[in-house]
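Below is one structure, written out as structure tokens; the observations come after it.
Numbering (the UniProt record's numbering), first residue to last: 1 to 140.
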């Protein structure tokens, strides 16, 4: 079950988790199952010590939802998630404008040798197709 966190409209929310892997994992973020990794609405960080972060500034009601971080490399994957509830006002005046939600890994698995082979073959096919498309586009 995902963690839950609450923040109010206008505040700033930090989501953080720690992921290490070799080779370095690719990090993807999702909101309500839609990828947001390239969205300018969010700020993302990945420190050398493995701390991965996402920041939402000036929170609005539309930011409420289920956030998931997924780390994946050739050896396996790990993911964690949290549901952000957005309140209209602070319940207590002393609440901080910025809060951090530490996310813990919920799911982790190592790929089998067969899965690794399939993934490598898929990447080779995908890369080959992209190169053919680039070559085709360059000739016109």
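Glycine is no exception: its CB is placed at the ideal position from the N, C-alpha and C atoms.
Length of the line joining the Cα atoms of residue i and residue j
{"i": "residue 15", "j": "residue 118", "result": "33 Å"}
{"i": "residue 20", "j": "residue 76", "result": "11 Å"}
{"i": "residue 113", "j": "residue 74", "result": "10 Å"}
{"i": "residue 47", "j": "residue 18", "result": "9 Å"}
{"i": "residue 56", "j": "residue 39", "result": "11 Å"}
{"i": "residue 141", "j": "residue 115", "result": "Any property of residue 141 remains undetermined from this structure, which presents the chain solely from 1 to 140."}
{"i": "residue 8", "j": "residue 35", "result": "23 Å"}
{"i": "residue 37", "j": "residue 27", "result": "8 Å"}
{"i": "residue 13", "j": "residue 121", "result": "40 Å"}
Reference residue i, options the options, closest by Cα
{"i": "residue 30", "options": "121, 47, 53", "result": "53"}
{"i": "residue 79", "options": "88, 69, 73, 113", "result": "69"}
{"i": "residue 33", "options": "110, 81, 86", "result": "81"}
{"i": "residue 141", "options": "61, 51, 22", "result": "In the structure as shown, the chain starts at 1 and stops at 140, and residue 141 therefore has no counterpart that could be examined."}
{"i": "residue 88", "options": "121, 26, 62", "result": "62"}
{"i": "residue 24", "options": "11, 50, 9, 35", "result": "50"}
Supposed contact pair residue j and residue i - C-beta distance, whole angstroms, cut 8 Å
{"i": "residue 66", "j": "residue 83", "result": "5 Å"}
{"i": "residue 64", "j": "residue 85", "result": "6 Å"}
Any non-hydrogen atom of the ligand GDP within 6 Å of residue i CB
{"i": "residue 80", "result": "Ligands displayed in this structure: none; no statement on the ligand GDP is therefore possible."}
Problem - Segments of 3+ residues assigned as beta strand (DSSP E) that fall wholly inside the UniProt domain "Ig-like" (1-85) - result: 3-8, 12-18, 26-31, 42-46, 51-56, 65-73
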